[in-house]
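**Student:**
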Amino acid sequence: MIGIGMIRGESGVTEFKLPKPRIKADDEVLIKVREVGLDGTDFGILAKGAPDIAPGADSMVLGHEMTGFVEEIGSAVTTVKPGDLVTVTVRRGCGICHPCLENQSDMCMTGLYTERGIHKLDGFLTEFVVDKEQYVVKVPGDCTDMAVLSEPLSIVAKGIEQIRLIQSRMPWNCAHPDHSFSSPMWGGCKIAMVIGAGPLGLMAAAQLRLAEATVIVTDIVPENHPKARLAGYLEAQYINVKGLNAAQIMNHDAIRGERLDVIIEASGASNFALELVNYMSRSSIYVMTGIPQQEQMVCVDAASILRQIVRFNQVIVGSVNSNRHHFESIMQIIPEIKRRFPELRDRVLTDRYPLSEYRRAFTEKSSEGIKTVIDLA
Ligand SMILES: [Zn+2]
Ligand SMILES: [Zn+2]
1 MIGIGMIRGE SGVTEFKLPK PRIKADDEVL IKVREVGLDG TDFGILAKGA
51 PDIAPGADSM VLGHEMTGFV EEIGSAVTTV KPGDLVTVTV RRGCGICHPC
101 LENQSDMCMT GLYTERGIHK LDGFLTEFVV DKEQYVVKVP GDCTDMAVLS
151 EPLSIVAKGI EQIRLIQSRM PWNCAHPDHS FSSPMWGGCK IAMVIGAGPL
201 GLMAAAQLRL AEATVIVTDI VPENHPKARL AGYLEAQYIN VKGLNAAQIM
251 NHDAIRGERL DVIIEASGAS NFALELVNYM SRSSIYVMTG IPQQEQMVCV
301 DAASILRQIV RFNQVIVGSV NSNRHHFESI MQIIPEIKRR FPELRDRVLT
351 DRYPLSEYRR AFTEKSSEGI KTVIDLA
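Quick note, the sequence shown lines up with residues 1 to 377 if you use UniProt numbering.
1. Grab me the residues of Lys-17's own chain with a C-beta within less than 8 Å of its C-beta, minus the 5 sequence neighbours each way, in chain order.
2. Taking Met-280 as part of the beta strand (DSSP E), name the residues at either end of that continuous run.
3. Taking the straight line between their C-alpha atoms, what separation do you get for Glu-212 and Ile-249?
4. Helix, strand or coil for Gln-248 per DSSP?
5. With which residues is Asn-323 paired in a DSSP beta bridge?
6. So the candidates are Gly-201, His-64, Leu-121 and Val-90; which of them puts its Cα closest to the Cα of Asp-58?
7. Mind checking which residues open and close the alpha helix (DSSP H) that includes Phe-43?
8. Beta carbon of Lys-338, beta carbon of Arg-345: below 9 Å?
9. Can you tell me the Cα-Cα spacing of Ala-231 and Thr-363, whole angstroms?
10. Under DSSP, the alpha helix (DSSP H) around Ser-154 begins and ends at which residues?
11. Considering only DSSP beta bridges, list what Ile-264 is partnered with.
12. For the beta strand (DSSP E) containing Gln-296, name the first residue and the last one.
13. Does any heavy atom of ligand 1 sit closer than 8 Å to the C-beta of Tyr-113?
14. Let me know the secondary structure DSSP gives Tyr-113 once reduced to three states.
15. Is the beta carbon of Cys-100 within less than 8 Å of some heavy atom of ligand 1?
16. What residues are listed by DSSP as bridge partners for Glu-35?
17. Should Val-317 and Gln-134 be called a contact, given that it needs their Cβ atoms to be closer than 9 Å?
18. Around the C-beta of His-119, are 16 or more other C-beta atoms found within 10 angstroms, so that it is buried, or is it exposed?
19. Which same chain residues, not among the five before or five after Asp-145, have their C-beta less than 7 Å away from its C-beta?
20. With distances taken from each beta carbon to the nearest heavy atom of ligand 2, which residues come in below 6 Å, in chain order?
21. Report yes if the C-beta distance between Gln-314 and Ser-270 is below 9 Å; otherwise report no.
22. Cα separation between Pro-171 and Leu-202?
23. Hey, would you say residue 382 sits closer than 9 Å to Thr-289, going by beta carbons?
24. Regarding Ser-322 and ligand 1, is the C-beta to nearest heavy atom distance less than 8 Å?
25. Taking only the alpha-carbon atoms, compute the straight-line gap between Arg-34 and Gln-237 and give it to the nearest angstrom.
26. For Pro-354, does the three-state DSSP call read helix, strand or coil?
27. Out of Pro-177, Gly-196 and Ile-195, which one is the CA nearest neighbour of Gly-187?
28. If you draw a straight line from the alpha carbon of Ala-302 to that of Arg-256, how long is it in whole angstroms?
29. Sort out for me which residues DSSP pairs Asn-271 with in a bridge.
30. Below 8 Å on the Cβ atoms is my guess for Asn-240 versus Ala-228; work out the distance and round it to an integer in Å.
31. Please say whether Thr-350 and Glu-368 have beta carbons closer to each other than 9 Å?
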């Protein structure tokens with residue numbers, strides 16, 4: 001069978017032959033891949049030209065967002081059966097630390113984890129994959145059409161879980177019992193900013209709106225770009241921040257000098273991300289999910305920022321990856337998103353390619369495009 005990925009010492013994405021994987025243990029599942037989503041991590045690996053190939057291997061299959069049909073199961077597998085649509089989590093734990101041993105490899109303490117399609121393990125851009133049942137998540141019938149977005153949705157679900165866990169440290173500042181962080185409507189009376197209108201930022205906007213937060217989405221594309229219009233469809237205010245400094249942004253009509261109760265950074269724009277700390281409200285929380293790539297030196301008043309973080313009880317938290325529990329939780333969230341925002345799926349999955357055109361999928365993303373998916377079925 002064919003794998004799509006990168007070869008050690010070579011740049012660019014290419015195809016190579018792989019043996020079809022077989023079930024070797026009774027807790028394994030053989031899956032026929034249906035679709036693979038590409039994101040900034042994939043494009044970043046390609047641009048860097050040096051994929052993180054396992055020692056001893058010559059190539060790495062790319063792709064870490066997928067759906068597929070179960071083809072065969074080991075004798076001990078109980079949660080999925082042949083014919084089921086499934087998705088597969090990305091990270092495999094180090095096998096040493098307590099978070100990994102308790103199925104929270106997203107919180108690995110040793111850094112010795114691996115990740116399918118990203119870090120020392122083959123990804124999903126191939127015809128068949130085998131994985132252990134504990135990493136295979138069944139997709140319910142009402143989630144099948146959005147399931148290729150499971151991984152980005154799970155990243156956002158983890159970020160929002162962090163917000164709710166951490167903010168349960170105090171009663172919220174309004175009088176509405178529905179707006180406590182333990183309520184589904186926890187976002188009411190709160191202003192949230194999402195930095196970046198890529199797939200991750202848009203998924204964050206959708207989930208924040210389900211929680212009734214006032215949502216502002218920022219990016220550097222014009223207001224008529226499909227990303228910006230989609231943010232509007234998700235009932236968020238869009239601000240094109242190109243050429244604006246943080247002070248100008250915070251005086252925009254959508255914000256009018258209010259402070260931000262929740263910030264989710266999903267762009268990796270380090271300068272802007274840091275400046276925004278100055279505009280956090282008291283007892284607020286800032287979740288960083290974007291990974292800045294290039295070096296960026298900035299001049300900040302460090303004393304002012306640190307003084308404010310202390311005096312205002314502010315939390316800045318990084319959040320990376322997600323575990324099985326987040327993938328399972330988004331299977332509850334997808335039907336809600338579809339009811340509230342029925343056009344979201346078609347408006348976010350803009351660029352679809354058959355497997356034979358994988359090179360175009362990696363290199364020719366349309367300027368109006370948001371999410372690229374490769375169809376293998
Ligand atoms: Zn670990
Ligand atoms: Zn309230």
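No residue lacks a Cβ here, since even glycine has one placed at the ideal position from N, Cα and C.
**Tutor:** Taking the structure as given:
1. Around Lys-17, the same chain offers Met-1, Ile-2 and Gly-3 as residues with beta carbons nearer than 8 Å, after the five sequence neighbours per side are excluded.
2. Its beta strand (DSSP E) spans residues 280 to 288.
3. Distance between the alpha carbons of Glu-212 and Ile-249: 22 Å.
4. Reduced to three states, the DSSP call for Gln-248 is helix.
5. BP columns for Asn-323 are empty, so no partner.
6. For the options Gly-201, His-64, Leu-121 and Val-90, the alpha carbon positioned closest to that of Asp-58 is the one of Leu-121.
7. Taken as a continuous stretch (DSSP letters only), the alpha helix (DSSP H) holding Phe-43 covers 40 to 48.
8. A distance below 9 Å separates the beta carbons of Lys-338 and Arg-345.
9. So the two alpha carbons sit approximately 25 Å from each other.
10. Taken as a continuous stretch (DSSP letters only), the alpha helix (DSSP H) holding Ser-154 covers 150 to 167.
11. The beta-bridge partner set that DSSP reports for Ile-264 consists of Val-194 and Val-287.
12. If you look at Gln-296, you'll find it isn't in any beta strand (DSSP E); DSSP assigns it neither H nor E.
13. Correct: Tyr-113 has its Cβ closer than 8 Å to ligand 1.
14. In the three-state DSSP reduction, Tyr-113 falls in the coil class, being neither helix nor strand.
15. Yes, ligand 1 has a heavy atom inside 8 Å of this Cβ.
16. Thr-67 and Asp-375.
17. The criterion of a C-beta distance shorter than 9 Å is not satisfied by Val-317 and Gln-134.
18. By the Cβ neighbour-count rule, His-119 is buried, with 16 or more other Cβ atoms within 10 Å of its own.
19. Same-chain partners within the cutoff: Arg-345.
20. For ligand 2, the selected residues are Cys-174, His-176, His-179, Gly-188 and Cys-189.
21. Contact: no.
22. Approximately 28 Å between the Cα atoms of the pair.
23. Residue 382 lies beyond the range of the chain shown here (1 to 377); nothing can be said about it.
24. Not under cutoff, so the answer is no.
25. Arg-34 and Gln-237 have their C-alpha atoms spaced approximately 35 Å apart.
26. Strand.
27. Nearest neighbour of Gly-187 by Cα position, chosen from Pro-177, Gly-196 and Ile-195, turns out to be Pro-177.
28. Spanning the two alpha carbons is a distance of roughly 25 Å.
29. DSSP lists no partner for Asn-271.
30. Indeed they touch by this definition, with Cβ atoms about 7 Å apart.
31. Going by C-beta atoms, Glu-368 is nearer than 9 Å to Thr-350.
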